[in-house]
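Residue numbers (my numbering): 8 to 257.
1) Where does the unbroken beta strand (DSSP E) through residue 212 begin, and where does it stop?
2) Would you mind giving the Cβ-Cβ distance between residue 105 and residue 176, rounded to the nearest angstrom? I have them listed as a contact below 8 Å.
3) Can you tell me where the alpha helix (DSSP H) holding residue 117 begins and where it ends?
4) Leaving out five residues before and five after residue 257 in sequence, what residues of the same chain have Cβ atoms less than 8 Å from its Cβ?
5) Looking only at its own chain, which residues have a Cβ that is under 7 Å from the Cβ of residue 199, when we skip the five neighbours before and after it?
6) How long is the line joining the alpha carbons of residue 242 and residue 181, rounded to whole angstroms?
7) Tell me whether residue 98 sits in a helix, a strand or coil according to DSSP, three-state version.
8) Helix, strand or coil for residue 125? Go by DSSP, reduced to three states.
9) Considering only the beta carbon of each residue, do residue 130 and residue 165 sit closer than 8 Å?
10) Is DSSP giving residue 27 helix, strand or coil here?
11) So, at 6 Å on beta carbons, what are the nonlocal neighbours of residue 16 in its own chain, with the 5 sequence-adjacent residues on each side left out?
12) Could you check if residue 64 is buried or exposed, using at least 16 other CB atoms within 10 Å of its CB as the buried criterion?
13) What do you get for residue 249, buried or exposed, if any count of 16 or more other CB atoms within 10 angstroms of its CB means buried?
14) Between which residues of its own chain and residue 208 is the CB-CB distance below 6 Å, once the five residues before and five after are set aside?
15) My understanding is that residue 30 touches residue 107, with C-beta atoms under 8 Å, so please give their C-beta distance in whole angstroms.
16) Is the beta carbon of residue 79 closer than 8 Å to that of residue 51?
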């Protein structure tokens, strides 16, 4: 199995607080992206690819030698549909795709990785938050996914990690490349293709069921991260920057 970590973005929602890419934020004594790689390696996934953009050299410096990295030069003007389309050749095998600013409980990641579903996504149904991508579901079946779904309509939040079978990954690659060729909006997310794919490839929702996860956008999120097992097992608190700042919406 292959893992693709999407780490090209500028982290615009965090730029008022730090110039660091979000994947370089520290949780305990390790960078967020290092925690992701550790979790993947523990599950036996060593074919790991990181797509870089903003401050790529800084991110590359913290990656272990076995992790391959790729530079996407259009990171400042596009979102991750375009990023992933530029490296669609990676979508040739069963894969798990991760946003680089998310940490999830290791058991939840294991359950997602081990499923034999054609498409599977991790989601939290305890509440539907405005700052994280919303989704619609019928039980464990994914119905729709995207920011067009309102908080009032949503059944929960997609938390940035999805798994695709080899067939579904190949179809994903074909569709995102086609959308780029047709001039898809440059701020589109690759996940906008998942509802279309689910017509051919059944898409399942793996609910977190109260297990911990966090998407890090501001210092308040990091304070929450300090209360998670990922921080309590390390020697130092989560760190955003030297300034003591907060964001209004986390």
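Where is the CB? At the ideal position from N, CA and C, for every residue including glycine.
According to the structure shown:
1) Taken as a continuous stretch (DSSP letters only), the beta strand (DSSP E) holding residue 212 covers 210–214.
2) About 14 Å separates the two Cβ atoms, so there is no contact after all.
3) 113–121 is the extent of the alpha helix (DSSP H) around residue 117.
4) Confidence at residue 257 is low in this model, with a pLDDT of 31, below 50, so the placement of that residue should be treated as unreliable; the coordinate-derived value is given next. Residues of the same chain with a CB within less than 8 Å of the CB of residue 257, apart from the 5 flanking positions on each side, are 138, 224, 225, 227, 228, 231 in chain order.
5) Once the five neighbours on either side are set aside, the close Cβ partners of residue 199 are 88, 153.
6) Bear in mind that the predicted position of residue 242 carries a pLDDT of just 39, short of 50, making it too unreliable to give a figure here.
7) Coil at residue 98, not helix or strand.
8) DSSP, reduced to helix, strand and coil, places residue 125 outside both helices and strands of the structure shown, so it counts as coil.
9) Against a cut-off of 8 Å, the Cβ pair of residue 165 and residue 130 comes out as a contact.
10) Of the three classes helix, strand and coil, the one that applies to residue 27 here is coil, per DSSP.
11) There are no such residues.
12) By the Cβ neighbour-count rule, residue 64 is exposed, with fewer than 16 other Cβ atoms within 10 Å of its own.
13) Unreliable positioning characterises residue 249 in this predicted model, as indicated by a pLDDT of 28, which lies under 50. The coordinate reading is nonetheless provided below. With fewer than 16 other Cβ atoms within 10 Å, it is exposed.
14) Residues 125, 126, 175 of the same chain have their beta carbon placed closer than 6 Å to that of residue 208, with the five preceding and five following residues left out of the count.
15) Right, their Cβ atoms sit about 4 Å apart.
16) Their beta carbons are not under 8 Å apart, which means residue 51 does not touch residue 79 by this criterion.
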